[in-house]
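In what follows, a single structure is set out as structure tokens and then discussed.
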Amino acid sequence: MTRRILGPFNRVEGDLEVQVDVTDGRVTQARVNSPMFRGFERMLLGRAPMDALTIVPRICGICSVSQSVAAARALADASGTVMPANGVHAINLMLACENLADHLTHFYVFFMPDFTRAIYANMPWFAESQRRFGALIGSTPGNGLHNRAAVAARARWFELMGTLGGKWPHTGSILPGGSARTIEVTDRVRLLSRLREMRTFLETTLFGAPLEEIAALDDAAALAVWRRRGADSDMALFLNIAEDAQLSALGQGPGRYLSYGAYADTQNVPALEKGIWDARTAQKQLLDSTQIAEDTHHAWYRAEIDTMPLHPSTGLTEPDADKPGAYSWNKAPRLAGQVVETGALARQLVDGQPLVRALVAQTGGNVQTRVLARLIEIARILPLMEQWLHALAPREPFYVAHTLPDVAQGVGLTEAARGSLGHWVSIDKGRISRYQIIAPTSWNFSPRDAAGTPGALEAALVGAPMDTANGQDSVAVQHIVRSFDPCMVCTVH
Amino acid sequence: MALNVVWLQSGGCGGCSMSLLCADTPDLPALLHSNGIDLLWHPALSLAGQQDMVQLLRDCLSGQIRLDALCIEGALLRGPQGSGRFHMVAGTGEPMVHWVKQLAQVAHHVLAIGSCAAWGGVTASGNNLSEACGLQYEDEHKGGLLGADFVSQSGLAVINVAGCPTHPDWVIDTLTLLAVDNLHGKDLDDLARPRFYADQLVHHACPRNEYYEYKASAAQPTDLGCLMENLGCKGTQAHADCNIRLWNGKGSCLRGGYACINCTAPGFQNPGHAFHVTPKLAGIPVGLPSDMPKAWFVALASLSKSATPRRVKINSHSDHVLVPPVVRGKSHK
């Protein structure tokens, strides 16, 4: 057995190191380290509660809106605030704008460039992969054409945030009582035209078909029919690559999937349902968020708080860089003691998107299904955004004032692009007295818990081949890591 | 000869890189290339793997590769207890602060990308558990990781492309000017920020300026009025061209309905008051425009308040225009 350290991983958001034990050219054990600590949960203590809305988006430059939404929900919960319909729609639009952009960034900028690496030089699709997916930095001129186009489409797409939120990242428009930016009729027509531009990019370049057709794909047979017609599309090329690179055999997840539910409407009914999907029994279960606890056994936090994993409403963050046995700044969140996976795959499974459920029933949660679920979700999000824009009632209120009590508690649960994000706030004497955050990648990239059970990525890496020519590195590990679309700055916060 | 740029991230959110990807161009790599910028490494964009990155840094240190511009995004984490272990560079066993100190010695220019790298920024909030600082500042105090007297090979101090996030144009224009040797000491302000954006105030071209003139102030978010008197806006003191240049198409903080928090300035993360509440003394905002005599401000404010047109007063408390400007010769509808 040899032990190797893989990292730093580029093309993930933030810092990541993976230590692997290798026997006979395959990973037998992995330890995932989030090597950077900033301490947002501590920064917020003693501050005015509304300051959270300025501080928390700056946890993460790529899921900044999601952090704002979680904080605004926690403060709305603490103050019993119900925002007007326009506020609900405007904030859902901002959240969806970011989530769609993040999926696009993941596919084109972070994930697909790996299929232009030398290890694939003999594959029939190699030249085409280079032409479309060559990395923005370090690929030869004339390559990466679709990546470049996707980044341009994304920049244009974020003009939605310029209008709805003033800027991206780090908007201040998202408030417990709604949105600080009202939308006039003239804004709406401009935003609708931006949606049409993105729709055109997606339908011509990514899908080769109308979004509604992609969203409605319901089983492997339907996917096969679409693949013949959309053969020139990037999703079809991805599926060809996935077959040759056997991506469905890589990175098996824990089989339990968590979603807090996404895009709640004015009646608080989410457009994408919340719950737990148990792939083993193919059953959906109810989510009980009181069953969430963070285990710090193998994380660099003070040992005396290890006695019992704590629910985030009573959680603590006391760093201890010298703790024996610890190897990550990430705590290990568990749901009723169990490891769960979260992200677009989880959302689509919980919500019951039939193609995603069918493919996971066949091959499980793996590199291929994770990436495909993200693409399917893109096709489902944009039409929802069109509905919300039409539902806006210009010149009706977008915002309602709120009053925060001097003593209160609040919970804000939402779905970021990468999965379930929760904020738990306590307010005492009108100041923040406790603030705990569990981010999507905190779940997916958790270290071991007290029982020694590895986190989702740690388990998913077992069996991965060390596949580079010198046997020192593993492109398969890179695929598995990136298939989760990790956000390491959120993970530790 | 292209400007060789190495971009590293430390104690930040990665948002300045994400902002860079929002640059208004149909082809970002082509834009950088045509502007004479050769990005040798960027953690979010490069194809190369980890060993290549560490090798590249070693080659820069040994002089094998010419390092023209070292761009650091994110604060420098000196903790715990000065060890730097709050951010270890994966796979090297070395804290990021060690790498940055060494690379800064060989770099022709050193740039702080965003307010975390410039002053510590949001990462240095509150009790600053991570011992975060900027490259050459800790809040407004000169020093930081590299020390008050540091100058890079070019003879310039660290160039602070401050902002939270920083604007994509601020970064691209700074690098482009460096590539053609058109950015010198005189082009940086007293905090070493490029003057092409730091000589403006956020107040300039603010769409709420008429409300400001008449002190017709918003009482709550979504009100159209000026955000300075009640809602914490520091646009009259904040050095940046946000309302001229605009963000993500047509945006700015003020246009998004919320106050400027002066995010290009050192220490903005700990203003000493809640961000979106204006601190006042005897009813007068504490933070007045920095180069205006206070007595004059108070006198003009009370004069303009009494001269406020009805239209401005009514609209300032509405979330849309209730009273339009009158067309000359016509009365209101």
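Respectively, the protein sequence lines represent chains V and Z. Numbering follows the numbering used here, in which position 358 of the first sequence is assigned residue number 358; successive positions increment by one, without gaps. Take any residue in the second sequence, note its place counting from 1, add 1000, and you have its number in the numbering used here. Think of the CB as a built atom: it goes at the ideal place given N, C-alpha and C, for glycine as much as any other residue.
Legend entry - Own chain residues within Cβ distance below 6 Å of residue 1140 of chain Z, not counting five before or after: Working through the second sequence from its first residue, we reach residue 1140 of chain Z at position 140. Sequence-distant partners of residue 1140 of chain Z (beyond 5 residues in either direction) whose C-beta falls short of 6 Å from its own C-beta, in its chain, are 1266 and 1267.
Inset, instruction - Check whether the region 1210–1218 of chain Z touches the region 380–391 of chain V, counting contact only when three or more Cβ pairs, one atom from each stretch, lie closer than 8 Å. - result: Between the region 1210–1218 of chain Z and the region 380–391 of chain V, the count of C-beta pairs closer than 8 Å stays below three; the two stretches do not touch.
Inset, instruction - Mind reading off the beta-carbon distance from residue 948 of chain Z to residue 1146 of chain Z? Whole number of angstroms is fine, and I expect it under 8 Å. - result: This structure does not reach residue 948 of chain Z, given that chain Z is present from 1001 up to 1333, and the question cannot be answered.
Legend entry - Exposure label - residue 1001 of chain Z; buried when at least 16 CB within 10 Å: What you label residue 1001 of chain Z is simply residue 1 of the second sequence in a count that begins at 1. Residue 1001 of chain Z should be labelled exposed.
Inset, instruction - Give the secondary structure of residue 1250 of chain Z by DSSP, where H, G and I count as helix, E and B as strand, and everything else as coil. - result: Within the second sequence, residue 1250 of chain Z is the residue found at index 250, counting from 1. It is coil, neither helix nor strand.
Inset, instruction - Please name the residue or residues paired with residue 412 of chain V in a DSSP beta bridge. - result: In the first sequence, counting from the first residue as 1, residue 412 of chain V sits at position 412. In DSSP, residue 412 of chain V forms a bridge with V:423.
Legend entry - Residue closest to residue 220 of chain V, alpha-carbon to alpha-carbon, out of V:427, V:369, V:43 and V:445: Position 220 of the first sequence, counting from 1, holds the residue named residue 220 of chain V. Measuring C-alpha to C-alpha distances from residue 220 of chain V to each of V:427, V:369, V:43 and V:445 identifies V:369 as the nearest.
Legend entry - Residue-chain proximity (residue 399 of chain V, chain Z), Cβ-Cβ < 7 Å: As a first step, residue 399 of chain V is located in the first sequence; it is residue number 399 there, counting from the start. Chain Z contact via Cβ: present.
Inset, instruction - With 7 Å as the C-beta to C-beta threshold (strictly closer), list the residues of the region 1283–1315 of chain Z near chain V in chain order. - result: For the region 1283–1315 of chain Z, which is checked against every Cβ of chain V, not one residue is closer than 7 Å.
Legend entry - 8 Å CB neighbourhood of residue 1204 of chain Z in its chain, flanking five on each side removed: Reading the second sequence from its first residue, position 204 is the one you call residue 1204 of chain Z. Hits under 8 Å: 1241, 1243 and 1244.
Legend entry - Where residue 124 of chain V falls, given that 16 or more other Cβ within 10 Å makes a residue buried: Along the first sequence, one-based indexing puts residue 124 of chain V at 124. Residue 124 of chain V is exposed by the Cβ-count criterion.
Legend entry - Segments of 4+ residues assigned as alpha helix (DSSP H) that fall wholly inside the region 1223–1292 of chain Z: Listed in chain order, the complete alpha helix (DSSP H) runs (minimum 4 residues) inside the region 1223–1292 of chain Z are 1242–1245.
Inset, instruction - Could you tell me the distance, in whole angstroms, from the CA atom of residue 1011 of chain Z to the CA atom of residue 1134 of chain Z? - result: Along the second sequence, one-based indexing puts residue 1011 of chain Z at 11. Along the second sequence, one-based indexing puts residue 1134 of chain Z at 134. So the two alpha carbons sit approximately 10 Å from each other.
Legend entry - First and last residue of the uninterrupted alpha helix (DSSP H) at residue 1168 of chain Z: Numbered from 1 along the second sequence, position 168 holds the residue referred to as residue 1168 of chain Z. According to the DSSP assignment, residue 1168 of chain Z belongs to the alpha helix (DSSP H) that extends over 1168–1179.
Inset, instruction - For residue 1027 of chain Z, go through chain V and note every residue whose CB falls closer than 7 Å to its CB, in chain order. - result: As a working note, residue 1027 of chain Z is residue 27 in the second sequence. The answer, in chain order, is 148 and 152.
Inset, instruction - Below 8 Å on the Cβ atoms is my guess for residue 75 of chain V versus residue 356 of chain V; work out the distance and round it to an integer in Å. - result: Here residue 75 of chain V refers to the residue found at position 75 of the first sequence. Here residue 356 of chain V refers to the residue found at position 356 of the first sequence. Not really, about 33 Å apart at Cβ, beyond 8 Å.
Legend entry - Per-residue contacts from residue 170 of chain V into chain Z (C-beta, under 7 Å): If you number the first sequence from 1, residue 170 of chain V lands on position 170. Result: 1015, 1164 and 1165.
Legend entry - Rounded Cβ spacing between residue 1092 of chain Z and residue 1054 of chain Z (contact assumed at less than 8 Å): Translated into positions along the second sequence, residue 1092 of chain Z becomes position 92. Translated into positions along the second sequence, residue 1054 of chain Z becomes position 54. About 6 Å; that satisfies the 8 Å criterion.
Inset, instruction - Taking residue 485 of chain V as the query, report the chain Z residues whose CB atoms sit under 8 Å from its CB, ordered along the chain. - result: Counting from one through the first sequence, the residue named residue 485 of chain V turns up at place 485. Near residue 485 of chain V there are no residues of chain Z at all, since even the closest Cβ is about 12 Å away, more than 8 Å.
Legend entry - Contiguous beta strand (DSSP E) assignments of at least 3 residues, all confined to the region 1107–1136 of chain Z: Within the region 1107–1136 of chain Z, the runs of beta strand (DSSP E) that reach at least 3 residues and sit entirely inside it are, in chain order, 1109–1113.
Inset, instruction - Classify residue 1109 of chain Z as buried or exposed, calling it buried when 16 or more other Cβ atoms lie within 10 Å of its own Cβ. - result: Locating residue 1109 of chain Z in the second sequence gives position 109, counting from the first residue. Label assigned to residue 1109 of chain Z: buried.
Legend entry - Residue-chain proximity (residue 500 of chain V, chain Z), Cβ-Cβ < 7 Å: Here chain V comprises residues numbered 1 to 493, so residue 500 of chain V is not present and cannot be evaluated.
Legend entry - Host beta strand (DSSP E) of residue 275 of chain V (start-end): Stepping through the first sequence from its first residue, residue 275 of chain V is reached at position 275. Counting along the chain, the beta strand (DSSP E) containing residue 275 of chain V begins and ends at 275–278.
Legend entry - CA nearest to the CA of residue 494 of chain V, picked from Z:1224, Z:1017, Z:1219 and Z:1233: Outside the shown range of chain V, which is 1 to 493, sits residue 494 of chain V, and nothing can be said about it.
Inset, instruction - Measure how close the beta-carbons of residue 311 of chain V and residue 299 of chain V come, nearest whole angstrom, since I'm counting them as under 8 Å. - result: As a first step, residue 311 of chain V must be located in the first sequence, where it is residue number 311. As a first step, residue 299 of chain V must be located in the first sequence, where it is residue number 299. 16 Å between Cβ atoms; not a contact.
Inset, instruction - Please determine, among Z:1318, Z:1325, Z:1036 and Z:1320, the residue with the shortest C-alpha to C-alpha distance to residue 1309 of chain Z. - result: One-based indexing of the second sequence puts residue 1309 of chain Z at position 309. For the set Z:1318, Z:1325, Z:1036 and Z:1320, the Cα lying nearest the Cα of residue 1309 of chain Z is the one of Z:1325.
Legend entry - Under 7 Å by beta carbon: chain V residues contacting residue 1221 of chain Z: Mapped onto the second sequence, residue 1221 of chain Z falls at position 221. Neighbours of residue 1221 of chain Z in chain V, taken as residues at a C-beta separation under 7 Å, are given in chain order as 175, 180 and 399.
Legend entry - Nearest-angstrom Cα separation, counted from residue 1227 of chain Z out to residue 414 of chain V: Residue numbering aside, residue 414 of chain V sits at position 414 when the first sequence is read from its first letter. Residue numbering aside, residue 1227 of chain Z sits at position 227 when the second sequence is read from its first letter. In this structure, the CA atom of residue 414 of chain V is about 30 Å from the CA atom of residue 1227 of chain Z.
Inset, instruction - Return helix, strand or coil for residue 167 of chain V, following the three-state DSSP convention. - result: Taking the first residue of the first sequence as position 1, residue 167 of chain V is located at position 167. Residue 167 of chain V: coil per DSSP, three-state reduction.
Inset, instruction - Return no unless some Cβ of chain V is closer than 7 Å to the Cβ of residue 1228 of chain Z. - result: For the purposes of this step, residue 1228 of chain Z is identified with residue 228 of the second sequence, where counting begins at 1. By this cut-off, residue 1228 of chain Z is not an interface position.
Inset, instruction - Return the residues of the region 1137–1165 of chain Z that lie within a Cβ-Cβ distance of less than 9 Å from chain V, sorted by chain order. - result: Answer set for the region 1137–1165 of chain Z: 1164 and 1165.
Legend entry - Given 8 Å, three or more beta-carbon pairs between the region 431–449 of chain V and the region 44–55 of chain V: These segments touch.
Inset, instruction - Report yes or no: is there a C-beta of chain V within less than 7 Å of the C-beta of residue 1318 of chain Z? - result: Residue mapping note: residue 1318 of chain Z aligns to position 318 of the second sequence, counting from 1. So, not an interface residue.
Legend entry - Proximity of residue 146 of chain V and residue 132 of chain V at Cβ, strictly below 7 Å: Residue numbering aside, residue 146 of chain V sits at position 146 when the first sequence is read from its first letter. Residue numbering aside, residue 132 of chain V sits at position 132 when the first sequence is read from its first letter. Yes, they are a contact pair.
Inset, instruction - For residue 1280 of chain Z, count neighbouring Cβ atoms within 10 angstroms of its own Cβ and tell me buried if that reaches 16, exposed if not. - result: Residue numbering aside, residue 1280 of chain Z sits at position 280 when the second sequence is read from its first letter. Exposed, because fewer than 16 other Cβ atoms sit within 10 Å of the Cβ of residue 1280 of chain Z.
Legend entry - Beta carbon of residue 270 of chain V nearer than 7 Å to that of residue 264 of chain V: Position 270 of the first sequence holds residue 270 of chain V. Position 264 of the first sequence holds residue 264 of chain V. Yes, the Cβ-Cβ distance between residue 270 of chain V and residue 264 of chain V is below 7 Å.
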